[in-house]
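Whatever position you read off the sequence shown (first residue = 1), add 606 for our numbering.
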Amino acid sequence: MRDIPRAMSTDQRYYGVTVATVVANDGDDEARVKVAYPWFDRGATVSEWARVCQFYAGGGYGAVFVPEIDDEVLIAFYQGDMRIPIVIGGLYNGVDKPPTAHRGGRDQKLIRTRAGHEVLLDDGAKKIVVTGAGGGQVTINDDGSITLKATKVTVDAGTVELAGSAQKAVLGDLLKTAFDTHTHPTPTGPSGPPVIPLPGAVLSSKVSLT
Numbered sequence: 607m608r609d610i611p612r613a614m615s616t617d618q619r620y621y622g623v624t625v626a627t628v629v630a631n632d633g634d635d636e637a638r639v640k641v642a643y644p645w646f647d648r649g650a651t652v653s654e655w656a657r658v659c660q661f662y663a664g665g666g667y668g669a670v671f672v673p674e675i676d677d678e679v680l681i682a683f684y685q686g687d688m689r690i691p692i693v694i695g696g697l698y699n700g701v702d703k704p705p706t707a708h709r710g711g712r713d714q715k716l717i718r719t720r721a722g723h724e725v726l727l728d729d730g731a732k733k734i735v736v737t738g739a740g741g742g743q744v745t746i747n748d749d750g751s752i753t754l755k756a757t758k759v760t761v762d763a764g765t766v767e768l769a770g771s772a773q774k775a776v777l778g779d780l781l782k783t784a785f786d787t788h789t790h791p792t793p794t795g796p797s798g799p800p801v802i803p804l805p806g807a808v809l810s811s812k813v814s815l816t
């Protein structure tokens, strides 16, 4: 947190909304910020902790979108009291521009973090795209198909079920056990298990389904 002065006490009332700049984030996990007012004594006055309006909020659940330092925000004052500001939204401007636009008939709704994580709802292309800053990507297409892009995919589950007309993959450990213990019928009775068991080196942790 920046070393900034506390808000100056004021009995002034300001009704309506105004703009401010975020100068500090709350370290007490209450999703609050401190702001300065460029239009009021040239930004010398810094507010007390201001709560941030969320579209969904409750005890231990809800959405958390906290403005970052230097973001421009829209402020309202509780009952006009300038000592009790509430952030009611963020603002784009000539410097801080939105990460997408409606040019060329583009119709997109987008959430993108400063680090580059992104959730894109693309009504124009009729798809949903979730992208990580590292390049991993999941695309839900309009035809119901899903495209997964990644350098590596790990499925950590005790059971993996493929439904529909998908072909079942052979599970290496079970196949090795079945091979090492299987027998064959003979005129004198079942044969013994294989003399040479299936070597573990033939097993692979990777399965390719085409």
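Positions of the beta carbon are idealized from the N, C-alpha and C atoms, including for glycine.
Note that this is a predicted model, so its numbers are computed, not measured.
* To do: Report the residue ranges of all beta strand (DSSP E) runs contained in full by the region 681-735; include only those spanning at least 3 residues, in chain order.
  => Fully contained in the region 681-735 are the following beta strand (DSSP E) runs of length 3 or more, in chain order: 691-696, 714-718, 724-728.
* Kindly indicate which three-state DSSP category K640 falls into: helix, strand or coil? => Walking along the sequence shown from the start, residue 640 turns up at place 34. Note: K640 maps to strand in three-state DSSP.
* Write down the C-beta distance between P673 and V658 rounded to the nearest angstrom, noting that I regard them as a contact closer than 8 Å. => Within the sequence shown, residue 673 is the residue found at index 67, counting from 1. Within the sequence shown, residue 658 is the residue found at index 52, counting from 1. Taking C-beta atoms under 8 Å as the contact rule, P673 and V658 qualify, at a distance of about 7 Å.
* Asked: Where DSSP assigns a beta bridge to Q743, which residues make up the other side?
  -> Within the sequence shown, numbered from 1, the residue matching residue 743 stands at position 137. Beta-bridge analysis with DSSP links Q743 to T737, K755.
* To do: Going by CA-CA distance only, name the one from D676, F661, R648 that's closest to G630.
  => Position 24 of the sequence shown, counting from 1, holds the residue named residue 630. Here residue 630 turns out to be Ala, not Gly, going by the sequence shown. Out of D676, F661, R648, D676 has the C-alpha closest to the C-alpha of A630.
* Asked: So is F785 buried or exposed if we call it buried at 16+ other beta carbons inside 10 Å?
  -> Sequence index remark: in the sequence shown, residue 785 carries index 179 (1-based). Exposed, by the Cβ-count rule.
* **Supposed contact pair V744 and I681 - C-beta distance, whole angstroms, cut 8 Å** => Position 75 of the sequence shown, counted from the first residue, corresponds to residue 681. Position 138 of the sequence shown, counted from the first residue, corresponds to residue 744. With a Cβ gap of about 37 Å, I681 and V744 do not count as contacting.
* CA-CA distance, V623 and R689? -> As a first step, residue 623 must be located in the sequence shown, where it is residue number 17. As a first step, residue 689 must be located in the sequence shown, where it is residue number 83. Roughly 14 Å between the two C-alpha positions.
* **Collapsed DSSP secondary structure at G622 in the structure displayed** => Counting from 1 along the sequence shown, the entry for residue 622 is found at position 16. DSSP places G622 in coil when its eight states are reduced to three.
* Do the region 746-754 and the region 724-738 meet, that is, are 3 or more Cβ pairs less than 8 Å apart? -> With the cut-off at 8 Å, the region 746-754 and the region 724-738 touch.
* **Span separating the alpha-carbon of V628 from that of V693** => Here residue 628 refers to the residue found at position 22 of the sequence shown. Here residue 693 refers to the residue found at position 87 of the sequence shown. Spanning the alpha carbons of V628 and V693 requires a straight line of approximately 10 Å.
* To do: May I have the straight-line CA-CA distance separating L781 from T765, to the nearest angstrom?
  => To locate residue 781, count along the sequence shown from 1; it is residue 175. To locate residue 765, count along the sequence shown from 1; it is residue 159. Rounded to whole angstroms, L781 to T765 spans 16 Å at the Cα level.
* Asked: Leaving out the 5 sequence neighbours to the left and right, which residues in its chain are closer than 6 Å to T787 when beta-carbon positions are compared?
  -> Your numbering for residue 787 matches position 181 in the sequence shown. Residues P799 of the same chain have their beta carbon placed closer than 6 Å to that of T787, with the five preceding and five following residues left out of the count.
* To do: Just tell me which of L768, G742, A769 has its CA closest to the CA of V759.
  => Reading the sequence shown from its first residue, position 153 is the one you call residue 759. The residue with the shortest Cα to Cα distance from V759 is G742.
* Asked: Can you tell me where the beta strand (DSSP E) with R657 in it begins and where it stops?
  -> Locating residue 657 in the sequence shown gives position 51, where the first residue counts as 1. It spans 656-658 - the beta strand (DSSP E) in which R657 sits, taken as one unbroken run.
* To do: Counting only the same chain and skipping the five closest in sequence on each side, list residues whose C-beta sits under 7 Å from that of F683.
  => Taking the first residue of the sequence shown as 1, we reach residue 683 at position 77. Excluding residues within five positions, the ones whose Cβ falls inside 7 Å are Y620, I690, P691.
* **Close beta carbons around P886, own chain, < 7 Å, minus the five adjacent residues each side** => In the structure as shown, the chain starts at 607 and stops at 816, and residue 886 therefore has no counterpart that could be examined.
* DSSP on T627, reduced to helix/strand/coil? -> Mapped onto the sequence shown, residue 627 falls at position 21. T627: strand per DSSP, three-state reduction.
* According to the neighbour-count rule (16 or more other Cβ atoms, all chains shown, within 10 Å of its Cβ), is A763 buried or exposed? -> Here residue 763 refers to the residue found at position 157 of the sequence shown. By the C-beta density criterion, A763 is exposed, having fewer than 16 other C-beta atoms within 10 angstroms.
* **Spatial neighbours of R718 in its chain, beta-carbon cut-off 6 Å, leaving aside the 5 residues before and after** => Residue mapping note: residue 718 aligns to position 112 of the sequence shown, counting from 1. Close CB contacts of R718 within its chain, under the 6 Å cut and outside five residues either way in sequence, are with P705, E724 (chain order).
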